[in-house]
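Numbering (our numbering), first residue to last: 928 to 1178.
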Amino acid sequence: MMGSRSVAALLACLPALLGLGQPAVNPRPGAKIWVGRHQEIEEYLRTAECVKMEMLVPTRMGRCTLRPGGPFARMAWRPLPPGVQRGFRESYKAEIAAYELDKLLRLDMVPPSVQRRLEGSDGAAQLWVEDVTDLSRDASPGGPDRGAWESQVVRMRMFDNLIGNRDRNQGNILHDAAWNLILLDHSRAFGEGTDFLHKLFRIDEGFWAEIEALTPRKLDAALGAWLDHGEIKAILDRRDRMRAEIRSLPK
C-alpha cells in the first residue's frame, strides 16, 4: 500500500511521464549543431585546416572548406579589422562578442565564432551553418511552427537592442527546416550609443531574466577581450533603457 507521500510524488511526476506540459519534440533535424557542443566546435574552428578559401565579399567575408573528417565541413572567415568602413564602425571582434554574449545569455542563435589568424590576417572564424535559408525567401512559417517562431523573433529583437545592432535585415536572419532562428552579421554592433533598432511590443520573460542577471563583472569576463570599457558599459546602459521601455508595456 502506497503512503500519502508516495502517491503525491507519483502524481507530481505523472505529467512528465505522460509527456504533458512538455514541448513537442520536433522530428526534423535542426542546423544548430553547436548546442551542447560549444567547446568542441570552438576548438575545431581554431585549429581545423583550411584547404580552400573562397572570398564571397572581398576583404570582408570568405568561406573556407575544411579538411574532411571533422564535426563540420566549412567555416565563414571575417577578417574585418576594427575601424570605420563605409560610414559605420565595424570590427570582426564584434562578431566574437555577439557569440560570447549569446552564450552567456543561453540564447543559442549566434553560431560559434572565435579569433583566428589566416592568410596573414586576424579575424573571426565562424561556423558555416548548413541547410538554412534567409528571410528574403520565407517571411515566417504557418501552422504549428508559427508560435515558436514568433517567440524567437521577440528574443532576437531584445538581443539586437541590447547589443546596439544596426544591421539586422532579411539577409542575416536565417532559419533551418525546423524554423530554428539563426543570426549572422554583428560587425556593426556594440557601439556606445543607446538607440534601439526595434520597438518592443512584447518580451520573453525568461530571456529578460537572463538579461537582468548581467553584471559588469560577468560582461568583463565574457567580453573584455573583444570590447573596451565604454562598449561594455553601453550594454548596461541599453539594458536600463530596455527596462524603462518594458515597464511601459501594457500588462
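Built from N, CA and C at the ideal position, the CB exists for glycine as well.
Q) With DSSP run on the structure shown, which of helix, strand or coil describes Lys-1145? A) In the structure shown, Lys-1145 adopts helical secondary structure according to DSSP, grouped into three states.
Q: Compute the beta-carbon to beta-carbon distance between Met-1085 and Phe-1134, rounded to the nearest angstrom, for a pair I have assumed lies under 8 angstroms.
A: Right, the Cβ-Cβ distance comes to about 6 angstroms (below 8 angstroms), so this counts as a contact.
Q: Could you check what DSSP says for Thr-992 in three-state terms: helix, strand or coil?
A: Looking at Thr-992 - three-state DSSP - the assignment turns out to be strand.
Q | Cβ-based neighbour list, Gly-1098, same chain, cut-off 7 angstroms, excluding 5 preceding and 5 following | A | Closer than 7 angstroms at the Cβ level, and outside the excluded window around Gly-1098, lie Asp-1061 and Ser-1063.
Q.
One question on the structure: do Leu-1141 and Arg-1166 come within less than 8 angstroms of each other, judged by their Cβ atoms?
A. Yes; because the gap between Cβ atoms is below 8 angstroms, this pair is in contact.
Q: Taking 8 angstroms as the cut-off, decide whether the C-beta atoms of Pro-1039 and Leu-1054 are in contact.
A: With respect to the 8 angstroms criterion, Pro-1039 and Leu-1054 are classified as neighbours on the basis of their beta carbons.
Q. For Arg-1115, is the classification buried or exposed, using 16 other Cβ atoms within 10 angstroms of its Cβ as the cut-off for buried?
A. Counting every other CB atom within 10 Å of its CB across the protein chains shown gives Arg-1115 a total of 16 or more, marking it as buried.
Q) With 16 other CB atoms within 10 Å as the buried threshold, where does Lys-1020 fall? A) Classification for Lys-1020: buried.
**Q.** DSSP-derived helix/strand/coil call for Leu-1089
**A.** Leu-1089 falls in the helix class under three-state DSSP.
**Q.** Helix, strand or coil at Glu-1046 according to DSSP, with G and I counted as helix
**A.** Note: Glu-1046 maps to coil in three-state DSSP.
Q: Taking all protein chains shown into account, decide if Ala-1066 is buried (16 or more other Cβ within 10 angstroms of its Cβ) or exposed.
A: Flag for Ala-1066 reads exposed.
Q: Could you name the residues of the same chain whose beta carbon sits closer than 8 angstroms to that of Leu-1176, not counting the 5 residues immediately before and after it, in chain order?
A: Correct list, in chain order: Leu-1127, Phe-1128, Arg-1129 and Ile-1130.
Q) So Leu-1110 and Ile-1100 are in contact, right, with Cβ under 8 angstroms, and what is the actual spacing, rounded? A) Correct: roughly 7 angstroms between the Cβ atoms.
Q: Consult DSSP for Leu-972 and reduce its assignment to one of helix, strand or coil.
A: Here Leu-972 sits in helix by DSSP.
Q) For Ser-1114, does the three-state DSSP call read helix, strand or coil? A) Look at Ser-1114 here: in three-state DSSP terms it is coil, with no helix or strand label.
Q | Gly-1069, DSSP secondary structure in three states | A | Residue state, collapsed to three classes: coil.
Q. Sorted by chain position, which residues of the same chain lie with C-beta nearer than 6 angstroms to Pro-956's C-beta, five sequence neighbours on each side aside?
A. Bear in mind that the predicted position of Pro-956 carries a pLDDT of just 46, short of 50, making it too unreliable to give a figure here.
Q) Where Ile-1023 and His-1113 are concerned, what is the direct C-alpha to C-alpha distance, given to the nearest angstrom? A) Going from the Cα of Ile-1023 to the Cα of His-1113 covers about 9 angstroms.
Q | Spatial neighbours of Arg-1093 in its chain, beta-carbon cut-off 6 angstroms, leaving aside the 5 residues before and after | A | So the qualifying residues of the chain are Arg-1115.
Q.
By alpha-carbon positions, which one of Glu-969, Leu-1154 and Thr-992 ends up nearest to Val-978?
A. The residue with the shortest Cα to Cα distance from Val-978 is Thr-992.
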